[in-house]
Amino acid sequence: MSPPSSSKHSESGVARLCGSATSGFLELMIFHPIDTVAKRLMSNQTRLFVPGQPTSVGIANTNKVIFKDAANAAFMKKYASLFPGLGFAAGYKIMQRVYKFGGQPFVNEFLNRNYKSSFNNVFGEKTGKTMMHATAGSFVGIGEIALLPLDVLKIKRQTNPEAFRGRGVMKIVADEGMGLYRGALWTAGRNAPGSFALFGGSAFVKEWIFGLEDYSKATFFQNFCASIGGSVASITVAAPLDVVKTRIQNRNFDNPEGGISIIKNMVRNEGFGAFFKGLLPKILVVGPKLVFSFTIAQQLIPLFHNKFEEAGLTNVGNTVKAV
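This note's numbering puts the first residue of the sequence shown at 299, with every later residue one more than the last.
Pasting the structure below:
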């Protein structure tokens with residue numbers, strides 16, 4: 299990530315904001331359809347492939363779960379059906395990327411400045427550094443619940459469009475109010491270990507496998523490996539609570555269901571394997587998504603910096619190095 303800066307018009311702040319926002323937008327346009335597939339599979343509560351039934355029946359069931367009303371439509375109409383809730387997704391994804399990619403380095407810098415000795419005393423110097431990155435990620439992950447209403451609206455549009463029948467977005471916001479934060483504790487419970495594993499896993503690969511002292515000097519290949527390691531760890535750790543969170547959020551507004559009730563029904567009706575529904579699509583998507591967005595951001599940050607510098611908006615002399 300770009301280093302934070304104490305300058306108001308700094309390359310590290312402004313360029314990172316623009317780079318991460320652009321990378322989030324490009325990531326959204328490429329990966330949103332696959333995210334819709336994963337959400338619909340996680341929300342499905344029936345067996346797709348039933349023992350004794352032909353495989354073709356299971357394929358047809360899967361087709362209907364994924365494409366819903368467009369299951370029998372032409373290819374392009376099927377593909378278009380994977381873009382419900384794009385407006386919510388755009389707002390959520392771009393804000394999430396800017397918040398997470400831009401926020402974690404600042405939290406890590408705070409921990410490094412105030413608690414470095416404590417982490418080193420408990421974990422040792424190398425592991426302490428990794429744990430600070432992971433802990434900073436965890437704090438930032440918990441803070442993501444501020445963006446929860448956008449995530450709720452996105453998921454409902456992807457998996458339960460009937461919830462929007464007869465009501466516009468502003469009407470839903472006015473009617474539901476704090477109800478849009480339903481599942482906030484489950485979201486925080488998912489994000490804390492998930493973001494811990496994401497940033498911690500990435501730092502672990504850079505520190506212990508590649509032996510990097512300055513993570514910002516990682517090569518493209520090293521960043522690629524670190525992102526994949528962190529992504530797989532994050533999604534696997536967060537998968538059970540992610541399924542519960544998704545099912546809380548995709549219910550009709552007038553028929554909510556609590557997390558404990560959902561867990562009981564999942565165990566009773568679907569078995570423990572239900573907690574990992576949609577895991578493979580998410581693993582196949584999240585690794586490339588994070589690598590893609592990280593690479594795009596890293597490519598765009600210098601470009602934006604040069605443009606801002608030409609316009610006299612940057613002050614390189616006040617930048618501060620952060621590891």
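Glycine residues also receive a C-beta, built at the ideal position from the N, C-alpha and C atoms. None of these values were measured; they are calculated from a predicted model.
Count the other C-beta atoms from every protein chain shown that fall within 10 angstroms of the C-beta of E608, then say buried if there are 16 or more, exposed otherwise.
Within the sequence shown, residue 608 is the residue found at index 310, counting from 1. Exposed, because fewer than 16 other Cβ atoms sit within 10 Å of the Cβ of E608.
Can you name the start and end residues of the alpha helix (DSSP H) that F323 belongs to?
Residue numbering aside, residue 323 sits at position 25 when the sequence shown is read from its first letter. Under the DSSP assignment, F323 falls in the alpha helix (DSSP H) whose first and last residues are 314-341.
Which residues in the same chain as F417 place their Cβ atom closer than 6 Å to its Cβ, once the five residues preceding and following it in sequence are excluded?
One-based indexing of the sequence shown puts residue 417 at position 119. Only G426, M429, M430 meet the Cβ criterion.
Of the residues K504, S436, L478, which one's Cα is nearest the Cα of N489?
If you number the sequence shown from 1, residue 489 lands on position 191. The candidate whose alpha carbon is nearest that of N489 is S436.
Using a 10 Å radius around the Cβ and a threshold of 16 neighbouring Cβ atoms, would you call T627 buried or exposed?
No answer is possible for residue 627: the residues shown for the chain start at 299 and end at 621.
Measure the C-alpha to C-alpha separation of V503 and T433 and round it to an integer number of angstroms.
Along the sequence shown, one-based indexing puts residue 503 at 205. Along the sequence shown, one-based indexing puts residue 433 at 135. Rounded to the nearest whole angstrom, the C-alpha separation of V503 and T433 is 16 Å.
Own chain partners of A537 with C-beta closer than 7 Å, once the 5 adjacent residues on each side are dropped
By one-based count along the sequence shown, residue 537 stands at place 239. The answer, listed in chain order, is F573, F574, L577.
For V541, the nearest candidate out of E568, I526, K515, G528 (CA to CA):
Taking the sequence shown and counting its residues from 1, the one referred to as residue 541 is at position 243. Among E568, I526, K515, G528, the Cα nearest to that of V541 is on E568.
In terms of residue numbering, what span does the alpha helix (DSSP H) encompassing G426 cover?
If you number the sequence shown from 1, residue 426 lands on position 128. Counting along the chain, the unbroken alpha helix (DSSP H) around G426 starts and ends at 423-441.
Going by DSSP in three states, V505 sits in which element: helix, strand or coil?
In the sequence shown, the residue the question calls residue 505 occupies position 207. In the sequence under discussion, the amino acid at residue 505 is Glu, which differs from the Val named in the question. In the structure shown, E505 sits in a helix (DSSP, three-state: H, G or I).
Look at the alpha carbon of Y513 and the alpha carbon of A501, and state the distance between them as a whole number of angstroms.
As a first step, residue 513 is located in the sequence shown; it is residue number 215 there, counting from the start. As a first step, residue 501 is located in the sequence shown; it is residue number 203 there, counting from the start. Here the C-alpha atom of Y513 lies approximately 8 Å from the C-alpha atom of A501.
Just curious, the alpha helix (DSSP H) that Y377 is in, first and last residue?
Taking the first residue of the sequence shown as 1, we reach residue 377 at position 79. DSSP places Y377 in the uninterrupted alpha helix (DSSP H) bounded by 373-378.
Just to confirm, is the Cβ distance from L326 to A378 under 8 Å?
The residue labelled residue 326 in the question sits at position 28 within the sequence shown. The residue labelled residue 378 in the question sits at position 80 within the sequence shown. Their beta carbons are not under 8 Å apart, which means L326 does not touch A378 by this criterion.
How about V542: is its C-beta nearer than 8 Å to some C-beta of chain D?
Among the protein chains of the structure shown there is no chain D, as only one such chain exists.
Do the CB positions of S525 and V589 come within less than 8 Å of each other?
Counting from 1 along the sequence shown, the entry for residue 525 is found at position 227. Counting from 1 along the sequence shown, the entry for residue 589 is found at position 291. Yes, the Cβ-Cβ distance between S525 and V589 is below 8 Å.
Helix, strand or coil for T353, going by three-state DSSP, please let me know.
For the purposes of this step, residue 353 is identified with residue 55 of the sequence shown, where counting begins at 1. Note: T353 maps to helix in three-state DSSP.
For R488, name the three-state secondary structure that DSSP assigns.
On the sequence shown, position 190 is the one that residue 488 refers to. R488: helix per DSSP, three-state reduction.
Could you tell me the boundaries of the alpha helix (DSSP H) in which S559 lies?
The count along the sequence shown starts at 1 and reaches residue 559 at position 261. Element bounds for S559: 557-567.
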